[in-house]
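Student:
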Amino acid sequence: MNMHKNEANLWLTHVSKDFFPIWKERIAKFGGTEFKSLGHNFYSVLLDKSFTKENKTETIFSRYWLPVQYMWPTKSTQSGYIEKCAQGVAAKFSDHKFTNVVVFSLDRKDQSLASNLRGRLLQVVKDKITKVTSPKLLTEWTKKPNMQPARNTTLVVAISEKCTWAGITTPQEAGSYFAGGRRYIGVSNEKIASRAAAKFVESLENLQLNDINLSQAKKWLELGAAPGGITHELSERQCEIWAVDKADLDKNLLKKQNVHFYKMDARDFKERIHVDSIFCDLNGPSPLSADICADKSVYLNKNGIIIYTFKIHSVEKFNDDFEYIVNSFKNKACKFLYAYHLYNNKQEITLFFKKQ
Ligand SMILES: C[S@@+](CC[C@H](N)C(=O)[O-])C[C@H]1O[C@@H](n2cnc3c(N)ncnc32)[C@H](O)[C@@H]1O
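Numbering (our numbering), first residue to last: 36 to 391.
1. Return yes when at least one heavy atom of ligand 1 lies under 8 angstroms from the C-beta of L317, else no.
2. Identify which residue in N245, S363, D356 has its Cα closest to the Cα of E383.
3. For the alpha helix (DSSP H) containing P102, list its first residue and its last residue.
4. With respect to 8 angstroms, is the separation between the Cβ of R302 and the closest non-hydrogen atom of ligand 1 below this value?
5. Would you call the CB atoms of L45 and N135 closer than 9 angstroms?
6. Touch check for the segment 273 to 289 and the segment 297 to 307: three-plus C-beta pairs under 8 angstroms?
7. Kindly confirm or deny that the segment 111 to 119 and the segment 227 to 240 touch, where touching means at least three C-beta pairs closer than 8 angstroms.
8. Threshold first: 4 residues or longer. Then list the alpha helix (DSSP H) segments lying entirely within the segment 149 to 181, N to C.
9. Helix, strand or coil, according to DSSP, for L239 in the structure here?
10. Pull up the DSSP beta-bridge partners for H376, would you.
11. Tell whether a beta-carbon distance below 9 angstroms holds between F387 and N245.
12. Could you check if E42 is buried or exposed, using at least 16 other CB atoms within 10 Å of its CB as the buried criterion?
13. Note down the Cα distance separating G154 from Q183, rounded to an integer number of angstroms.
14. Should K40 go down as buried or exposed, given a rule of 16 or more other Cβ atoms within 10 Å for buried?
15. Nearest CA to the CA of T204: which residue from H131, H309, F55?
16. Strictly by DSSP, which residues pair up with W46?
17. Assuming contact is defined by CB atoms lying nearer than 9 angstroms, are I360 and I313 in contact in what I supplied?
18. Measuring only from the beta carbon, is L141 closer than 8 angstroms to any heavy atom that is part of ligand 1?
19. Determine the burial state of G202: buried for a count of at least 16 other Cβ atoms within 10 Å of its Cβ, exposed for fewer.
20. From the DSSP output, in three-state form, read off K291 for me.
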């Protein structure tokens with residue numbers, strides 16, 4: 036296999052096409068050049084060595100980052116591809132330490148090829164990897180990637196019909212436990228707004244990746260709760276939920292003792308409560324929903340986390356609205372932590388704040 040060592044700082048990243056222009060503008064500020072579309076919402080970009088972890092976070096719209104150490108022009112459809120690729124990757128990374136190996140395909144339809152390549156690669160590096168990771172653990176991480184430690188040093192291989200890329204990263208550095216950043220979530224109640232529930236589950240995972248664990252947050256205020264996808268997830272986790280919405284909540288949720296539903300405009304919600312966390316999924320103009328949510332932070336315990344979904348109605352106004360929202364929370368003593376375009380966020384991003 037003809038290999039090219041990456042002397043420059045080449046990255047492979049996943050960005051939703053709707054937000055590509057804003058992402059490009061942001062990353063260009065940090066010196067991004069030679070943008071290349073690789074298809075299926077993946078791009079490669081060259082960044083100089085001064086590109087930091089913080090810059091990476093500030094670009095917001097990258098769901099996944101892979102530092103490319105080697106790339107090969109390949110034909111994945113050619114016979115012998117798996118063997119050649121597995122041997123080539125294993126040889127190039129023989130001096131590197133890693134505790135897991137993952138392979139993903141840019142085109143989802145080739146995921147079984149990726150799985151087969153991973154299987155073969157694990158066989159080739161078996162002696163080396165079983166010294167640091169047991170076969171049982173490797174199987175567990177295959178089934179549940181979110182069980183990996185956030186700093187799990189991982190050899191990641193990405194494949195397309197024409198090219199193979201490989202590099203070493205961790206789920207934390209890459210921005211996702213899931214190779215390529217595509218996170219499919221089975222939710223416990225398909226009937227009620229499953230995408231909302233999926234973005235809630237993904238938010239918690241994303242926080243965990245950033246060393247914030249909300250498993251002990253048992254009291255939640257939920258703004259914009261109807262029809263109840265997130266309320267249902269919280270209720271299943273034995274949390275107590277104060278759910279507010281102008282619209283109706285699923286009637287089965289109303290019967291639950293741990294769900295207190297307030298059918299009203301969120302602006303009028305006033306109760307003597309203290310909660311550990313707030314999830315805000317209000318639709319409508321984002322500056323308004325941010326003001327409403329920031330006001331409700333009076334109910335939040337110190338160091339409590341706010342998960343706020345910023346619905347992006349106008350890409351042109353993104354930067355202004357973003358600044359407004361961050362300031363609105365800052366004025367109520369809520370520190371902006373970071374923003375992320377979760378896989379289950381469509382025309383929105385998720386912002387995380389911490390009450391001071
Ligand atoms: C995206 S939906 C929420 C989905 C919900 N989180 C779930 O898990 O099923 C947005 C909700 O915000 C509610 N909403 C928007 N503005 C509101 C306001 N000022 N007061 C109360 N509810 C509001 C809407 O009625 C709508 O149900």
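For glycine and all other residues, C-beta sits at the position ideal for the given N, C-alpha and C.
Tutor: Looking at the coordinates:
1. yes
2. D356
3. Looking at the DSSP string, P102 is not in any alpha helix (DSSP H); the run it does join, the beta strand (DSSP E), is 97 to 102.
4. yes
5. no
6. yes
7. no
8. 161 to 164, 170 to 178
9. helix
10. H376 is not bridged to any residue.
11. yes
12. In this prediction, E42 has a pLDDT of 46, which is less than 50 and means its spatial position is unreliable; what the coordinates show is noted afterwards. When all chains shown are included, E42 counts as exposed.
13. 18 angstroms
14. Since pLDDT at K40 reaches only 47, below the 50 mark, its modelled position is unreliable, and the value read off the structure follows with that caveat. Exposed, by the Cβ-count rule.
15. H131
16. V80, P102
17. no
18. no
19. buried
20. coil
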